[in-house]
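Here's the structure, in structure tokens; my notes come after.
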Amino acid sequence: MTDTITLTGLVATNPRHIVTSEGLTITSFRLASNQRRFDRGQNAWIDGDTNWYTVTAFRQLGTHIATSLEKGQRVLVTGRVRIRDWETDEKSGTSIEIDAEAIGHDLTWGRATFTRSVIAKSTARDDASETSEGTSQGPTEDDTAPAEETADQNRDESLAATPF
């Protein structure tokens, strides 16, 4: 059984992005999460203890994290929890790792602009554009997917037309 958790916190390290020799994209970063509570005696908000997590994401999510997140940003993370005990000659401990399923900026603390990933569809013209050596000349301006604004507008219009 795999436990799923949702956390809020600060990106504590710049995301580390690698692509394995097999082509698997992996991105990881450390997440610092602490609870704030109101101390009536001091009439002020107080930070509690900080919990530390290693967040890892694979494939497309990993690529998007590498281009979207920076150290110091507040985020929401949902993923599968793995708790690991570790030991060296000098010390031992427990680490909590999160295999991310979804990550986003925490809009409680700021604003964000979303950019949809658009994957161009293959066309017959792509196949015909191969040179005699068998290499593609790449997409032309006519081969690209519709503008992101158009895709969002079409989606918004269809949602607006759908009754509740």
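Under my numbering, the first residue of the sequence shown carries the number 125, and numbering increases by one thereafter. Backbone N, C-alpha and C define an ideal beta-carbon position, used for all residues, glycine too. All values derive from a computational prediction rather than experimental measurement.
>> Along the chain, where does the beta strand (DSSP E) containing Q159 start, and where does it finish?
In response: T149 to D163 is the span of the beta strand (DSSP E), which, as asked, contains Q159.
> Does the separation of the CB atoms of I150 and F182 fall below 8 Å?
Replying inline: Less than 8 Å divides the Cβ of I150 from the Cβ of F182.
>> Going by the DSSP bridge assignment, what does H229 pair with across the sheet?
In response: Partner(s): V199.
>> D223 and T180 - do their beta-carbons sit closer together than 8 Å?
In response: Yes; because the gap between Cβ atoms is below 8 Å, this pair is in contact.
> Who are I129's beta bridge partners in DSSP?
Replying inline: Beta-bridge analysis with DSSP links I129 to G203.
> CA-CA distance, V201 and T144?
Replying inline: Computed Cα separation, rounded: 24 Å.
> Is the Cβ-Cβ distance between K215 and N138 less than 8 Å?
Replying inline: No. Outside cutoff.
> Rounded to a whole number of angstroms, what is the C-alpha to C-alpha distance between T130 and T239?
Replying inline: Rounded to whole angstroms, T130 to T239 spans 23 Å at the Cα level.
> What is the residue span of the beta strand (DSSP E) that G234 lies within?
Replying inline: Per DSSP, G234 belongs to no beta strand (DSSP E) and is neither H nor E.
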